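Input: a single structure, listed below in structure tokens.
In our numbering, the protein residues as written are 188 to 334.
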């Protein structure tokens, strides 16, 4: 009986220990792509669904997005993504994104390089923080860098 109980407990530990596995790179990339799609569609609720509820500034984000979407229309392109590190609870993804203005007041089209930190939430992986590591402003004559 004790042996069966021991095996049962080991089985439970293995089951719950494996419940959170390392994320697949594509799962992380799809969150970032969904985030940009929702931004391009100016879908505030959809955009917020890609952001971790504990993210710094989360509670003010909705008002800021509405203000931006009322004034600007942008196109976004992800040029590159690379998983830098990942664990069962957090991942860091380096990205290069091109943002161009379609409509709105003055804005510098740009190529932005940064690192998204994603964290696991009950609903799945979400963007927790973004650190900009480089930005290149694109004039009408300039093209994005070719790596």
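Ideal placement from N, C-alpha and C gives every residue a C-beta, glycine not left out.
For clarity, every value in this text was computed on a predicted model and none was experimentally measured.
Status (buried if at least 16 other CB within 10 Å, exposed otherwise) for residue i
i: residue 207; result: exposed
i: residue 284; result: buried
i: residue 282; result: buried
i: residue 209; result: exposed
i: residue 252; result: buried
i: residue 280; result: buried
Cβ neighbours of residue i in the same chain (closer than 6 Å, five flanking residues each side left out)
i: residue 205; result: Note on residue 205: pLDDT 48, under 50, position unreliable in the model; the coordinate value appears next. Closer than 6 Å at Cβ, skipping near neighbours: no residue.
i: residue 227; result: 263
C-beta atoms of residue i and residue j nearer than 8 Å
i: residue 215; j: residue 305; result: yes
i: residue 221; j: residue 237; result: yes
Beta-carbon proximity list for residue i, same chain, < 7 Å, skipping 5 on both sides
i: residue 243; result: 316
i: residue 319; result: 299 and 301
Length of the line joining the Cα atoms of residue i and residue j
i: residue 286; j: residue 261; result: 7 Å
i: residue 322; j: residue 231; result: 25 Å
i: residue 217; j: residue 245; result: 20 Å
i: residue 308; j: residue 211; result: 15 Å
i: residue 200; j: residue 296; result: A caution first: residue 200 carries a pLDDT of 48, below 50, which makes its placement in the model unreliable, though a value can still be read off. Roughly 51 Å separates the two Cα atoms.
In the segment 274-302, which residue ranges form an unbroken beta strand (DSSP E) of at least 3 residues, counting only runs that do not cross its ends?
277-290
Run through the segment 204-273 for me and flag every whole beta strand (DSSP E) of 3 or more residues, listed as ranges in chain order.
260-273
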